[in-house]
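Protein chains in written order, with the UniProt record's numbering: chain A, 1 to 237; chain B, 1 to 237.
Where a beta carbon is used, it is the ideal one built from N, C-alpha and C, also for glycine.
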DNA sequence: TCCGATTTTTGATCCCGATCAATGACGCCC
DNA sequence: GGGCGTCATTGATCGGGATCAAAAATCGGA
């Protein structure tokens, strides 16, 4: 029997053995609170390519990424797409003030998510200022990243964009999983292009150029960073 | 005697008659709290072009814009500039997690600011979750704007960028001051260019083009919006 | 293991917005 | 009111990245 595209984990799971415990919003909670939170969230699995929520959808849940990578994006009426970020384990999605999501979110590869119904989670936050402070902290960090990305989109060349992306992505993965050999790139070239405000052809050409320069090595599903120094210079950080 | 470029208002002022009372972060406070807050903040005036704080500066204060317009921007090492936003009365500046500002802020024209020393204000927030919630709300709203701006920078043409900017700026002013005739543009063409990821020449040419099309009328210090419908179509919202 | 679909790479050409250059329009201070 | 510095507009040309097109590589399924 074929697995469904979206499956809810049937049996109990516990926050205490959660992989993203110290990265996620939950890091602000004590043991007792975690036990209470366990009853509010449920683990959900999404297959590659599935949409978790869409822009303009009414917000009914908040989401905590546990495993996998997601693309967060906005579409223009004519189909042009801008990816506003990639979500990794520990990222918290769904906060907004309009009551509607202001971007869409797809699973890239399979993804596991901890899903909280909006109302009970909002009530849970209510009298827990430390959790609110943690959420605020995550929002401010995202805001900082968003501003950095504006600089990239508005003022950097294609070469700088690609180099900056590769270094930044690598840095995030290292922060999450520790030192790594090669850099996995689970997203497609088109995703990278839509993240950097380029076309797929330009991204592909720039990858090839960087390889020719001996800065990277293109491997299936990722790249190897051969000359971090040189890459940093190209990124012009 | 010539006025100094930065002046601190000498005598007492009161939050109760503050112009941005209902827009700002303070809208979450009751009368008693406002009276307490009064002692933490002081009004400061900046002359046109003055820098209020710079990127990488250690954050020693938070700022509440009371009057005037500010440009918020980031610089690349080689001088390229990206304006990440324009601050208007009611906007709250200075939140970050690194302890350093992550963008610079200049006064455009004269600006009045309500300045709070970081430590006492942080303490003031401490046991006032409603204020924290309000700050979080403002952060999330900015995040939404930041994502919209990413789409503009990454995926829109010059014409769309300019039209979108004019409509968005007009909308913000209307929200703040009610219906207006012409749209004042206190920032320079260079500021607009650095906000939209364009050059000053392209902005100027696009303005002229929109005027030739009968969409706007260029007047000293601003524009008149003659055909909002047409402008909206060009913006391709 | 082979085949068809999809994704990625590479090549040729085009065009939008940047760059370079000059002129025009203010505002400001003596 | 005249001269000067700054900012905005306009014109001519250039080039980086987009677009159009095709080949090559990779992947998934029978």
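C-beta contact flag for residue i and residue j at 9 Å
{"i": "residue 103 of chain B", "j": "residue 41 of chain B", "result": "no"}
{"i": "residue 110 of chain B", "j": "residue 46 of chain B", "result": "yes"}
{"i": "residue 129 of chain A", "j": "residue 127 of chain B", "result": "yes"}
{"i": "residue 113 of chain A", "j": "residue 195 of chain A", "result": "no"}
{"i": "residue 232 of chain A", "j": "residue 183 of chain A", "result": "no"}
{"i": "residue 139 of chain B", "j": "residue 136 of chain A", "result": "yes"}
{"i": "residue 105 of chain A", "j": "residue 87 of chain A", "result": "yes"}
{"i": "residue 175 of chain A", "j": "residue 161 of chain A", "result": "no"}
{"i": "residue 8 of chain B", "j": "residue 44 of chain B", "result": "yes"}
{"i": "residue 66 of chain B", "j": "residue 19 of chain B", "result": "yes"}
{"i": "residue 28 of chain B", "j": "residue 133 of chain B", "result": "yes"}
{"i": "residue 163 of chain B", "j": "residue 77 of chain A", "result": "no"}
Segment limits, alpha helix (DSSP H) that includes residue i
{"i": "residue 151 of chain A", "result": "129-155"}
{"i": "residue 88 of chain B", "result": "No alpha helix (DSSP H) holds residue 88 of chain B; DSSP gives it neither H nor E."}
{"i": "residue 225 of chain B", "result": "Here residue 225 of chain B belongs to no alpha helix (DSSP H); instead the beta strand (DSSP E) covers 222-225."}
{"i": "residue 28 of chain A", "result": "Run containing residue 28 of chain A: none; DSSP gives neither H nor E here."}
{"i": "residue 234 of chain A", "result": "228-235"}
{"i": "residue 43 of chain A", "result": "Where residue 43 of chain A is concerned, there is no enclosing alpha helix (DSSP H), although the beta strand (DSSP E) it sits in stretches over 41-46."}
{"i": "residue 219 of chain B", "result": "From DSSP, residue 219 of chain B is part of no alpha helix (DSSP H) but of the beta strand (DSSP E) over 216-219."}
{"i": "residue 20 of chain A", "result": "Note, residue 20 of chain A: premise wrong, no alpha helix (DSSP H); not H, not E."}
{"i": "residue 206 of chain A", "result": "200-212"}
{"i": "residue 189 of chain A", "result": "189-196"}
Residues of its chain near residue i, where Cβ-Cβ distance is below 6 Å and the 5 sequence neighbours each way are ignored
{"i": "residue 2 of chain B", "result": "For residue 2 of chain B, the predicted model reports a pLDDT of 45, less than 50, meaning its position is unreliable and no value from the coordinates is stated."}
{"i": "residue 210 of chain B", "result": "216"}
{"i": "residue 178 of chain B", "result": "none"}
{"i": "residue 24 of chain A", "result": "64 and 90"}
{"i": "residue 54 of chain A", "result": "104"}
{"i": "residue 131 of chain A", "result": "28 and 125"}
{"i": "residue 141 of chain A", "result": "none"}
7 Å CB neighbourhood of residue i in its chain, flanking five on each side removed
{"i": "residue 158 of chain B", "result": "198, 202 and 206"}
{"i": "residue 96 of chain B", "result": "59 and 102"}
{"i": "residue 34 of chain B", "result": "15, 16 and 26"}
{"i": "residue 84 of chain A", "result": "72, 73, 74 and 103"}
{"i": "residue 81 of chain B", "result": "73, 75 and 194"}
{"i": "residue 220 of chain A", "result": "none"}
{"i": "residue 189 of chain A", "result": "200, 203 and 204"}
{"i": "residue 218 of chain A", "result": "207 and 211"}
{"i": "residue 121 of chain A", "result": "40 and 62"}
{"i": "residue 4 of chain A", "result": "none"}
{"i": "residue 222 of chain A", "result": "182, 183, 184 and 185"}
{"i": "residue 226 of chain A", "result": "214, 215, 216 and 217"}
{"i": "residue 13 of chain B", "result": "43"}
Enclosing beta strand (DSSP E) for residue i [first to last residue]
{"i": "residue 53 of chain A", "result": "51-53"}
{"i": "residue 8 of chain B", "result": "6-8"}
{"i": "residue 166 of chain A", "result": "Taken as a continuous stretch (DSSP letters only), residue 166 of chain A belongs to no beta strand (DSSP E), being part of the alpha helix (DSSP H) at 158-177."}
{"i": "residue 104 of chain A", "result": "104-117"}
{"i": "residue 67 of chain B", "result": "61-75"}
Cβ shell of residue i (< 8 Å), same chain only, five flanking positions each side left out
{"i": "residue 228 of chain B", "result": "167"}
{"i": "residue 230 of chain A", "result": "213, 214 and 215"}
{"i": "residue 180 of chain A", "result": "170, 173 and 174"}
{"i": "residue 6 of chain B", "result": "44, 45, 46, 47 and 50"}
{"i": "residue 156 of chain B", "result": "164 and 236"}
{"i": "residue 31 of chain B", "result": "16"}
Distance between beta carbons of residue j and residue i, contact taken as under 8 Å
{"i": "residue 37 of chain B", "j": "residue 124 of chain B", "result": "7 Å"}
{"i": "residue 56 of chain B", "j": "residue 100 of chain B", "result": "6 Å"}
{"i": "residue 146 of chain A", "j": "residue 70 of chain B", "result": "Incorrect: roughly 18 Å between the Cβ atoms, too far for contact."}
{"i": "residue 107 of chain B", "j": "residue 154 of chain B", "result": "Rounded, the Cβ-Cβ distance is 29 Å, inconsistent with contact."}
Q. Along the region 138-154 of chain B, what residues have a CB closer than 8 Å to any CB found in chain A?
A. 139, 140, 141, 142, 143, 144, 146, 147, 148, 149, 150, 151, 153 and 154
Q: Compile a chain-ordered list of the residues in the UniProt domain "HTH crp-type" (156-229) of chain B whose CB is closer than 7 Å to at least one CB of chain A.
A: 197
Q) Going along the region 112-137 of chain A in order, which residues come within less than 7 Å of chain B, judged by CB to CB distance? A) 129, 132, 133, 135, 136 and 137
Q: Anything in the region 95-106 of chain A with a Cβ closer than 7 Å to a Cβ of chain B? List those residues in chain order, please.
A: 95, 96, 97, 102 and 103
Q) Relative to chain B, which residues along the UniProt domain "Cyclic nucleotide-binding" (25-94) of chain A have a C-beta separation below 8 Å, given in chain order? A) 74, 76, 77, 78, 80, 81, 82 and 84
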